[in-house]
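A short write-up of the structure that comes next.
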Amino acid sequence: MQKNLFIYTFGCQMNVHDSEKIAALMEKSGYASVDDVGKADLIIINTCSVRERAAQKVYSQLGRLKKFKKMKPKLIIGVGGCLAQQLGSKFIERVPHLDLVFGTHNIHSLPDLIAKIEETGQPVVRTEFHEEVKSLGILAPTKNGKVTAYVTIMQGCNNFCSYCVVPHLRGKEESRSLTEIVKEVEVLAGRGIKEVTLLGQNVNSYGRAIGNRHDFADLLHEIGSIAGIERIRFTTSHPKDLSDKLVCCFSEVDKLCEHIHLPVQTGSDRVLKMMNRYYTNAEYCERVDKLRSICPGISITSDIIVGFPGEADGDFQATIDMMGKIRFDNSFSFKYSERDGTAAAELGDKVSECVKTDRLKIVQALQEKHTLEKNEAMIGNTEEILVEEISKNSKEDIAGRTRTNKIVNFRGSHTLIGKTVSVLIIDAYQHSLKGRLLDVN
Ligand code: 5AD
Ligand code: SF4
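In the working numbering, the protein residues as written are 1128 to 1568.
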């Protein structure tokens, strides 16, 4: 008998992709993905606690699910991801109607763990780390009509930025082999995928953990020669590992899109040092200059943390000055949030919540101004758009992204989905652009 699976996903693209892998794995055990949680026989909550305190949200979600368990006692509820890794069996002590807690290295075991719960009715906790993360190569199914896909190229992180839980909860850095990744992208190309986004916590250090036979630039060149793939993106990058060889890929690999997400975190050298980031503001700006000279018009986005312990007014002003100098196309900004077990949790001189709130507002207002100005400057440009879907604004419009990763909505036939077209930009907003279809390439 077919059973139904519903997944809640919190967090970043990597978690979204992990959820796709979970769906693929469970499909083999007879679970079909459904959009209605009420119909599920298995509910998985895939958690993330990198940027925000996920615990409260997840507990509330679990609380709401209790009624389904009462109605359907055989329903299985599982929690995975960062929070599951962190809490382990404490999770079940706190939420007795939970059946399964699985850590970030245990996704591959899900079918066995679920089968065990179905057989015994007993809760299961599995959070050990493995030498090799066996879920890295699980191929997610491609939904009908989809033209973009994620590809995991590495997982974990060895950097230990002082505020970050990732190395503690996702384990040490591990890269997949170049051959394996290329094979996966070829399979995706065969399914009609036109754009791949290569995923890793720090893709710039790809290959280091497998003896540097191939680095990230080599991988980009290889993927750049796969027939059918038109666009390559990647996320996320660490400025300290952004080599000249990698920067040159933006002029050498035609399919590499002109966009880089390069988290700066702060404009203050003093704070960068306390964050264990291993670059200075001048070095960051020099990398940005190099990117812009090799690839004029490249879109640069970033992450910014405000209110790190010890961040004085002068440090915050340095962040604002840096933003004015670089003018990011967009940025995600966060209030510093303490994480147990990280080095920054031991630091004194904490910044008060209201100062953090004020600083965040200032950063976000400045970013909104820069983003809108950058978008407005694109009016009159002709852009190459890969059409991805029917527009969220209107059924008569279609939507896709520029190579610089900006969303464009424009009037056009749904049959253009999957095609690359030329579009004239005629209007600009905070989060998107409006275009007029010129040509189908
Ligand atoms: N507090 C606030 N922001 C954080 N990030 C990571 N850890 C924290 C934390 N403890 C942000 C960083 C990183 C992004 C993925 O999340 O800016 O680049
Ligand atoms: Fe966290 Fe730093 Fe690793 Fe990024 S590079 S995942 S911020 S430790």
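Quick reminder that beta carbons are idealized off the backbone N, C-alpha and C, glycines included.
{"Check": "With DSSP run on the structure shown, which of helix, strand or coil describes Val-1164?", "Outcome": "helix"}
{"Check": "Do Lys-1417 and Val-1374 count as a contact pair if the criterion is CB distance below 8 Å?", "Outcome": "yes"}
{"Check": "Does at least one heavy atom of ligand 2 sit under 7 Å from the Cβ of His-1558?", "Outcome": "no"}
{"Check": "Does the distance from the C-beta atom of Glu-1322 to that of Arg-1360 stay below 8 Å?", "Outcome": "yes"}
{"Check": "The beta strand (DSSP E) with Ile-1308 in it runs from where to where?", "Outcome": "Note, Ile-1308: premise wrong, no beta strand (DSSP E); alpha helix (DSSP H) at 1305-1317."}
{"Check": "Run through DSSP, which three-state label would Ala-1276 get?", "Outcome": "strand"}
{"Check": "Let me confirm a value: Asn-1142 is counted as buried when at least 16 other C-beta atoms fall within 10 Å, else exposed. Which label applies?", "Outcome": "buried"}
{"Check": "Determine the direct distance from the alpha carbon of His-1386 to that of Glu-1259, and round the result to whole angstroms.", "Outcome": "31 Å"}
{"Check": "Check Arg-1108 in the structure and name its three-state DSSP category.", "Outcome": "For residue 1108 there is no data in the structure shown, the boundaries of the chain being 1128 and 1568."}
{"Check": "Expressed to the nearest angstrom, what Euclidean distance is found between the alpha-carbon atoms of His-1497 and Gly-1441?", "Outcome": "22 Å"}
{"Check": "Using the Cα positions of Gly-1434 and Cys-1175, report the straight-line distance between them to the nearest angstrom.", "Outcome": "21 Å"}
{"Check": "Note down, in chain order, each residue of its chain lying with its Cβ closer than 6 Å to the Cβ of His-1235, except the 5 sequence neighbours on either side.", "Outcome": "Lys-1261 and Ser-1262"}
{"Check": "For Ala-1365, which residues from the same chain have a beta carbon less than 6 Å from its beta carbon, with the 5 sequence-adjacent residues on both sides left out?", "Outcome": "It is worth fixing the name first, because residue 1365 is His in this sequence and not Ala. Excluding residues within five positions, the ones whose Cβ falls inside 6 Å are Asn-1329 and Asn-1331."}
{"Check": "Our contact map puts Tyr-1290 next to Tyr-1463 with C-beta atoms below 8 Å; I'd like the distance itself, whole angstroms only.", "Outcome": "6 Å"}
{"Check": "Just grab the DSSP bridge partners of Ser-1460 for me.", "Outcome": "Ile-1431"}
{"Check": "Looking at the unbroken alpha helix (DSSP H) that takes in Ser-1146, where does it start and where does it end?", "Outcome": "1140-1155"}
{"Check": "Would the C-beta of Cys-1291 count as close to ligand 1, meaning under 7 Å from any of its heavy atoms?", "Outcome": "yes"}
{"Check": "Buried or exposed: Lys-1155, going by 16 or more other Cβ atoms within 10 Å of its Cβ?", "Outcome": "exposed"}
{"Check": "Please list, in chain order, all residues of the same chain as Lys-1477 whose beta carbon is under 7 Å from its beta carbon, the five residues on each side excluded.", "Outcome": "Pro-1436"}
{"Check": "Would you say Phe-1287 touches ligand 2, meaning its beta carbon is less than 7 Å from a heavy atom?", "Outcome": "yes"}
{"Check": "Within 7 Å: the Cβ of Tyr-1135 and any heavy atom of ligand 1?", "Outcome": "no"}
{"Check": "Going by the beta-carbon positions, is the gap between Leu-1346 and Ile-1280 smaller than 8 Å?", "Outcome": "yes"}
{"Check": "At which residues does the beta strand (DSSP E) containing Asn-1173 begin and terminate?", "Outcome": "1169-1174"}
{"Check": "I believe Leu-1202 touches Lys-1196 by the beta-carbon criterion, under 8 Å. Please report the beta-carbon distance rounded to the nearest angstrom.", "Outcome": "5 Å"}
{"Check": "Once the 5 residues before and after Lys-1166 are set aside, which same chain residues still bring their CB inside 7 Å of it?", "Outcome": "Asn-1131"}
{"Check": "If you draw a straight line from the C-alpha of Glu-1438 to the C-alpha of Gln-1140, how long is it?", "Outcome": "29 Å"}
{"Check": "Find the nearest neighbour of Tyr-1186 within the set Asn-1286, Tyr-1135 and Pro-1250, judged by alpha-carbon distance.", "Outcome": "Tyr-1135"}
{"Check": "Output needed for Ile-1453: all residues of its chain with C-beta closer than 6 Å, excluding positions within five of it in sequence on either side, in chain order.", "Outcome": "Val-1415"}
{"Check": "Please return the same chain residues whose Cβ sits closer than 7 Å to the Cβ of Cys-1288, not counting the five positions on each side in sequence.", "Outcome": "Met-1402, Asn-1403 and Arg-1404"}
{"Check": "Would you check if the distance between the CB atom of Thr-1275 and the CB atom of Ile-1320 is smaller than 8 Å?", "Outcome": "yes"}
{"Check": "Determine the contact status of Val-1314 and Ile-1350, defining contact as a CB-CB distance below 8 Å.", "Outcome": "no"}
{"Check": "What does the Cβ neighbour count give for Tyr-1556, buried or exposed, with the cut at 16 atoms within 10 Å?", "Outcome": "exposed"}
{"Check": "If I follow the unbroken alpha helix (DSSP H) through Asn-1408, where does it start and stop?", "Outcome": "1408-1421"}
{"Check": "What separation, rounded to the nearest whole angstrom, lies between the Cα atoms of Asn-1285 and Ile-1204?", "Outcome": "32 Å"}
{"Check": "Whole-angstrom Cβ separation of Asn-1536 and Ser-1518, contact assumed at under 8 Å?", "Outcome": "4 Å"}
{"Check": "Going by DSSP in three states, Gly-1355 sits in which element: helix, strand or coil?", "Outcome": "coil"}
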